[in-house]
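Colleague: Chains A and B are the protein sequences, given in the same order. Start counting at 1 in the first sequence, then tack on 18, and there's your number in the working numbering. Start counting at 1 in the second sequence, then tack on 757, and there's your number in the working numbering. Idealized CB from N, CA, C, for every residue including glycine.
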Amino acid sequence: MARYGMALDYKNCINCRACEVACKEENGVELGAEKHRIWVGSNNPDGEWPNLSLSSAVFLPSQCQHCEEAPCQEVCPTNATYYNDDGIVLVDSDKCILCTYCMNACPYDARYVDERTMTVDKCTFCSDTRLARGETTTACQATCPTKVRTFGDLDDPNSEISQLLENREHFSLKAHLGTKPKLFYLR
Amino acid sequence: MMQKEISRRRFLQGSVALSVIGGSALAETHLLPSGKEPLSRIPESITTKTSTKQAQEVPFLCGICVNKCAGFARVEDGIITKLDPNPYFPKSRNMLCARGNAGIQTTYDPDRLKYPLVRIGKRGDGKYKRVSWEEAYDAILNGTRLFKGLKEILDEEKDNRSTIAYCNGEGLSKEGFESLMGEKIGTVNYVDEVSICLETVLGGYFATIGTYGEADLGHADYLVIAGANRAEAIITPDTLDLFKRSEGRGLKTIVLDPRFTNTAAKADRWYAVNPGTDLAFVLALTHVVLTEELYDKTFVASHAVGFESYKTHILSNKYTPEWAEKITNIPAGEIVRTAREFMAAEHPIYYQGRRSVFSKNDFQLRRAMAIFQGLSGNLNKKGGIIYGEPLKLPEEEISAPIYSQAKDRFDHEGVAILSQRAGSWMVFRDMVVEKKSPYRVRAMFMRKHNPVDSVPDTAKTIRFLEGMDLNVIIDILPSDSAMFADVILPEASYLEKTSPVTSYGLLEPAIVQRKAAIKPLYETKVPEQIYKELATVLSKPLFDISKKYDKDLQNEIKNRGEQAVYKEDGYILSDFWDKDVSEKNKERMVKAFGEKAWKILEEKGVYYPHIEQYHTQLNPNEYRYYPENRKKYHVQTDALKLICDYKHLAAKGVDPMPTWKEEYTFSVPEGQFRLITGRHAQFTQSATTNNMMLRDLIPTNYLWVNQRVARNRGIKFGDMLEVKSRAGKVTIKAYPTEKIAPNQVFMAHGFGSMNPEMTMSYGNGANDAILLEDIHEPVYGAAVMNETNVEIRKV
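Here it is in structure tokens:
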């Protein structure tokens, strides 16, 4: 039993989207521009050429936050969305009735409809692929050119992620909602 | 955000259509019996979820761009389900980019060239007949009723081998093709990607500091990076080192680019330099450094050649920051600040860059950059430009015939220094098209190269190909250039072939080997097998033509007998490929590093001396490849120098010192826009625009138009625009943005395929090569990409 989370050194991100492709290839994600378990948020810089604000152009890699108080799980009428033993939020596609309550409830827009199965799909932290084979990294972490991500057990004080979170300042997205996300952005 | 505004419908249609194709392809495939040979099957779905079963992990070297990153292919029952990064290769630092991950889709691209094809219709109409390999080789030798073969052409040209021309884009099997066409068949007329790419930067740096070197971005503390978009045009390990340390984390980063790129987004400062005026910026930096005496005097005293005359040159021409401000659009104060900060830094780097030539002054720009770097003294040391020491592999010996009837190359009109290996694509093409060549060029062999989309002025390249008696192409996908081929030979993709071992790196050198993850699909073949088989078919008939016209050969035969000459003088064209690639790799590795090294290479895909002791994991993401005291930060080398005044160049009509000329000034006529081209991180030129996975990320290219200009002209996102230059016109969707200047437009290179056989990329976006005029720079005849003006109109 572990409590898996991910730390993101997001300033390293160059918006190359290697993570998105690695995720799709590893997990057999459906093709399509909006069919993704993982993405990089970006915005155009403020200002007018040539006076553009560099600090306003940020790349923010993201995916399911695997919240400890996950709104998606709370609203699911069939218990299709559940926490596994390692605290990973998963969808049991056999139980999913595509009511899409979870998609509306998720504050992070981390879910989409897989049109092959007509069920809701999302990031699994590679639990049924890489972790199931005994690997210790997710596909997005392993492939990243600038090494944005560190995945690991938050309950293990010696894990790399625990060390990073102890030694570096970090923040969570929409922390005020009280969802207790397990993605941590390093400053 | 741009991505959100794109309709999803087209993708859905694409996915549905392709899953059907995928299904039918599976039914056609022959399942190979299991045994020693790797299997190969076509997956049923586009993305295949990896299983928890045991799988083969085959070390491969990525072939989706020039970098050659290392990875392991996960192969489950003959299907490649995943590509993972290889943690042993210092160059790629345990990573694969978006394209590297999507390489699977190149292998399983339903539009791949699957069988040899011979043209049965008119050139360009797409009518081909599927033939056997034997029939395809025979068509190359003997022609068909629609086109002439090599035998007839060479006979008519009296064994002037140079009537055959060839081109090959970058890649590990390129040298083999050079051996086949250049050394064995014997033509001098070779053109490649260098003269439409980075020729001036290589030439400028070698001429000035004796190396192109490697920028040690892992330890530099100040970086000026101009016209090099490392966040989107990924170079390993530069990109990987740079962006872990930018944004206030040790590497101060100053970006010059006319457009606000993803690299600019990561910078401390971004200067929107006018296109083609970087040279004025560097000259002004130099002016500041010389007047304020900020340079490394010890280094200059011991290594510089012609420093005093360069100093006089810079000062007397008054290349002041104020002068440069008017030319570059960069405030004088910023130039002064950058010059002072650069020289005050401990490890400053003016990044060399590696890109296509943007303006006619590019060679001089590179010289000025290299000199400026040299003035800091930050060469051949940690945090500077590394000279280093590559690992050497034994050369392969080749027995090359000498053809006395073969004529010299001619593509030096208006060119000061013609590269001896591969000349100038543009000058060569233009002289052939304009009938200025001293003899007829009648056959074109193309491999892994798509000149129709990559050499500026597509219409002219098409005329060049249409003027040939015989066009042959060896490739993986039906490119636009393949439309003009008479014979098409389908090559295996990089995941289906073992390639010649290669050495990479100067600071942390390593040997790498690509191994075939699966057997070649369909009837495709690995390039070395194609070279060998084609050589076998051509040997005797072409020898017979030489016998007829080559007086020297006739004499040799008289003296030594035909059989002896044929065998001993290299006329058996296939003898270079008597051993296959794996066998040669083993021989060369064992000879250089021993049996154990070969075993390590086979298993890990990477070898360098002491890899087993040196290579250690630092954290879940990063590795140490060499201990600090074993990295080649500093080496004893005669190459280390700083040639400020290069007198030899003057004899060739080239400025011996970088000099600004009035004609370099950036100006755009009223109502027009300067077209600039470039890259995004999710495609490799025209080679990957048919890749299904990458199309999700970059579905098409857009024309960036300044937002205020667009508003005035009533142009909204997605509107169709007609873009017109003197060379041609295209239509493309608009992307209004403040990331570009009001008098410039940008489009990514590589889109707008004309070949309907490319179902994903056909007609999608626009091809910049149609618009780009046939402008080349004067030193090497390298194509100039950013000097074309265009008009735009909403349609």
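Taking residue 1206 of chain B and residue 924 of chain B to be in contact with their CB atoms under 8 Å, please state how far apart those CB atoms are, rounded to whole angstroms.
Modeller: Taking the first residue of the second sequence as position 1, residue 1206 of chain B is located at position 449. Taking the first residue of the second sequence as position 1, residue 924 of chain B is located at position 167. About 5 Å; that satisfies the 8 Å criterion.
Colleague: Does residue 1498 of chain B come within less than 8 Å of chain A when only Cβ atoms are used?
Modeller: Here residue 1498 of chain B is taken as the residue at index 741 of the second sequence, counted from 1. Taking Cβ atoms only, chain A reaches closer than 8 Å to residue 1498 of chain B, which makes this a yes.
Colleague: Could you work out which residues of chain B lie near residue 46 of chain A, taking near to mean beta carbons separated by less than 8 Å?
Modeller: What you label residue 46 of chain A is simply residue 28 of the first sequence in a count that begins at 1. Chain B residues near residue 46 of chain A: 802, 804, 805, 806, 807.
Colleague: Under the DSSP definition of a beta bridge, which residues are partnered with residue 1546 of chain B?
Modeller: Translated into the one-based positions of the second sequence, residue 1546 of chain B becomes position 789. Residue 1546 of chain B pairs with B:1431.
Colleague: How would you label residue 1058 of chain B, buried or exposed, when you count the other beta carbons within 10 angstroms and need 16 or more for buried?
Modeller: Here residue 1058 of chain B corresponds to residue number 301 of the second sequence, with the count starting at 1. Classification of residue 1058 of chain B: exposed, given that the 10 Å Cβ count is below 16.
Colleague: Whose Cβ in chain B lies nearer than 7 Å to the Cβ of residue 142 of chain A?
Modeller: Position 124 of the first sequence, counted from the start, is the residue given in the question as residue 142 of chain A. The contacting residues do not exist; residue 142 of chain A stays about 11 Å from chain B at best.
Colleague: Where does residue 1312 of chain B sit, in a helix, a strand or coil, going by DSSP?
Modeller: Position 555 of the second sequence, counted from the start, is the residue given in the question as residue 1312 of chain B. Looking at residue 1312 of chain B - three-state DSSP - the assignment turns out to be helix.
Colleague: Provide the residue(s) that pair with residue 1477 of chain B in DSSP beta bridges, ordered along the chain.
Modeller: In the second sequence, counting from the first residue as 1, residue 1477 of chain B sits at position 720. B:1490.
Colleague: For the candidate residues B:1402, B:1467, B:1451, whose alpha-carbon lies nearest to that of residue 1412 of chain B?
Modeller: As a working note, residue 1412 of chain B is residue 655 in the second sequence. That would be B:1402, whose Cα lies nearest to the Cα of residue 1412 of chain B.
Colleague: Using a Cβ-Cβ cut-off of 8 Å, state whether residue 172 of chain A counts as contacting chain E.
Modeller: Within the model displayed, chain E is absent; protein chains A and B are what it includes.
Colleague: Are the C-beta atoms of residue 1543 of chain B and some chain A residue less than 8 Å apart?
Modeller: What you label residue 1543 of chain B is simply residue 786 of the second sequence in a count that begins at 1. Output row for residue 1543 of chain B: interface = no.
Colleague: Rounded to the nearest angstrom, what separates residue 985 of chain B and residue 1110 of chain B at their Cα positions?
Modeller: Along the second sequence, one-based indexing puts residue 985 of chain B at 228. Along the second sequence, one-based indexing puts residue 1110 of chain B at 353. Near 5 Å, if we compare the C-alpha coordinates of residue 1110 of chain B and residue 985 of chain B.
Colleague: Should residue 1184 of chain B go down as buried or exposed, given a rule of 16 or more other Cβ atoms within 10 Å for buried?
Modeller: The residue labelled residue 1184 of chain B in the question sits at position 427 within the second sequence. Answer is buried; the Cβ neighbour count reaches 16.
Colleague: Confirm the yes/no value for this check: CB of residue 1371 of chain B, any heavy atom of the ligand MN, distance under 7 Å.
Modeller: The ligand MN is absent from the structure shown, which contains no ligands of any kind.
Colleague: Assess contact between the region 874-885 of chain B and the region 1262-1275 of chain B, defined as three or more Cβ pairs (one per stretch) separated by less than 8 Å. Is contact present?
Modeller: In short, these stretches do not touch, since the Cβ pair count stays below three.
Colleague: So does the region 947-960 of chain B actually touch the region 1338-1345 of chain B, counting three or more Cβ pairs closer than 8 Å?
Modeller: No, because fewer than three Cβ pairs between the region 947-960 of chain B and the region 1338-1345 of chain B fall closer than 8 Å, the two stretches do not touch.
Colleague: If you pair each beta-carbon of the region 1159-1176 of chain B with each one of the region 930-948 of chain B, do three or more pairs fall below 8 Å?
Modeller: Taking 8 Å as the limit for Cβ pairs, the verdict is that the region 930-948 of chain B does touch the region 1159-1176 of chain B.
Colleague: With distances taken between CB atoms, is the gap from residue 840 of chain B to residue 851 of chain B smaller than 8 Å?
Modeller: Walking along the second sequence from the start, residue 840 of chain B turns up at place 83. Walking along the second sequence from the start, residue 851 of chain B turns up at place 94. For residue 840 of chain B and residue 851 of chain B, no; Cβs fall outside 8 Å.
Colleague: Taking the alpha-carbon positions, what's the residue 1327 of chain B to residue 918 of chain B distance?
Modeller: As a first step, residue 1327 of chain B must be located in the second sequence, where it is residue number 570. As a first step, residue 918 of chain B must be located in the second sequence, where it is residue number 161. Straight-line Cα distance between these residues: approximately 15 Å.
Colleague: Consult DSSP for residue 171 of chain A and reduce its assignment to one of helix, strand or coil.
Modeller: The sequence position of residue 171 of chain A within the first sequence is 153, counting from 1. In this structure, residue 171 of chain A counts as strand in the three-state DSSP scheme.
Colleague: Tell me the rounded alpha-carbon separation between residue 754 of chain B and residue 814 of chain B.
Modeller: This structure gives no information on residue 754 of chain B, because the portion of chain B shown stretches from 758 to 1552.
Colleague: Would you verify that the beta carbon of residue 29 of chain A is, or is not, closer than 8 Å to some beta carbon of chain B?
Modeller: In the first sequence, the residue the question calls residue 29 of chain A occupies position 11. At least one chain B Cβ lies under 8 Å of residue 29 of chain A.
Colleague: Under the DSSP definition of a beta bridge, which residues are partnered with residue 905 of chain B?
Modeller: Locating residue 905 of chain B in the second sequence gives position 148, counting from the first residue. Per DSSP, B:900.
Colleague: At least one CB of chain A closer than 8 Å to the CB of residue 1027 of chain B: is that the case?
Modeller: The sequence position of residue 1027 of chain B within the second sequence is 270, counting from 1. Yes, because at least one Cβ of chain A sits closer than 8 Å to the Cβ of residue 1027 of chain B.
Colleague: What are the start and end residues of the beta strand (DSSP E) that includes residue 1027 of chain B?
Modeller: On the second sequence, position 270 is the one that residue 1027 of chain B refers to. 1026-1028 is the extent of the beta strand (DSSP E) around residue 1027 of chain B.
Colleague: When burial is assigned at 16 or more other CB atoms within 10 Å of the CB, is residue 77 of chain A buried or exposed?
Modeller: The sequence position of residue 77 of chain A within the first sequence is 59, counting from 1. Residue 77 of chain A comes out buried.
Colleague: If contact is defined by three or more beta carbon pairs under 8 Å, each pair taking one atom from either stretch, is the region 131-140 of chain A in contact with the region 148-159 of chain A?
Modeller: Taking 8 Å as the limit for Cβ pairs, the verdict is that the region 131-140 of chain A does not touch the region 148-159 of chain A.
Colleague: By the three-class DSSP mapping on this structure, what secondary structure does residue 809 of chain B have?
Modeller: Sequence index remark: in the second sequence, residue 809 of chain B carries index 52 (1-based). If DSSP states are grouped into helix, strand and coil, residue 809 of chain B belongs with coil.
Colleague: From residue 104 of chain A to residue 801 of chain B, what does the alpha carbon distance come to, in whole angstroms?
Modeller: Mapped onto the first sequence, residue 104 of chain A falls at position 86. Mapped onto the second sequence, residue 801 of chain B falls at position 44. Looking at the two C-alpha atoms, the distance is approximately 32 Å.
Colleague: Cβ atoms of residue 1415 of chain B and residue 1125 of chain B: under 8 Å apart, would you say?
Modeller: For this step, residue 1125 of chain B is matched to residue 368 along the second sequence. For this step, residue 1415 of chain B is matched to residue 658 along the second sequence. Result yes, Cβ atoms of residue 1125 of chain B and residue 1415 of chain B sit closer than 8 Å.
Colleague: With distances taken Cα to Cα, identify the nearest neighbour of residue 1304 of chain B among B:828, B:876, B:908, B:1215.
Modeller: The count along the second sequence starts at 1 and reaches residue 1304 of chain B at position 547. Answer by Cα proximity: B:908.
Colleague: State the Cα-Cα distance for the pair residue 895 of chain B and residue 1223 of chain B, rounded to the nearest angstrom.
Modeller: On the second sequence, residue 895 of chain B is found 138 positions in, with the first residue counted as 1. On the second sequence, residue 1223 of chain B is found 466 positions in, with the first residue counted as 1. Straight-line Cα distance between these residues: approximately 21 Å.
Colleague: Consult DSSP for residue 1375 of chain B and reduce its assignment to one of helix, strand or coil.
Modeller: Here residue 1375 of chain B refers to the residue found at position 618 of the second sequence. It is coil, neither helix nor strand.
Colleague: Between residue 1323 of chain B and residue 988 of chain B, what straight-line distance do the alpha-carbon atoms span, to the nearest angstrom?
Modeller: As a first step, residue 1323 of chain B is located in the second sequence; it is residue number 566 there, counting from the start. As a first step, residue 988 of chain B is located in the second sequence; it is residue number 231 there, counting from the start. Residue 1323 of chain B and residue 988 of chain B: Cα-Cα distance of roughly 53 Å.
Colleague: Under a Cβ-count criterion, where at least 16 other Cβ atoms within 10 Å of its own Cβ denotes burial, should residue 189 of chain A be classed as buried or exposed?
Modeller: On the first sequence, residue 189 of chain A is found 171 positions in, with the first residue counted as 1. Exposed.
Colleague: Can you give, in chain order, each stretch of the beta strand (DSSP E) that sits fully within the region 103-162 of chain A and has at least 3 residues?
Modeller: Counting only runs of 3 or more, we get 107-109, 130-132, 137-139.
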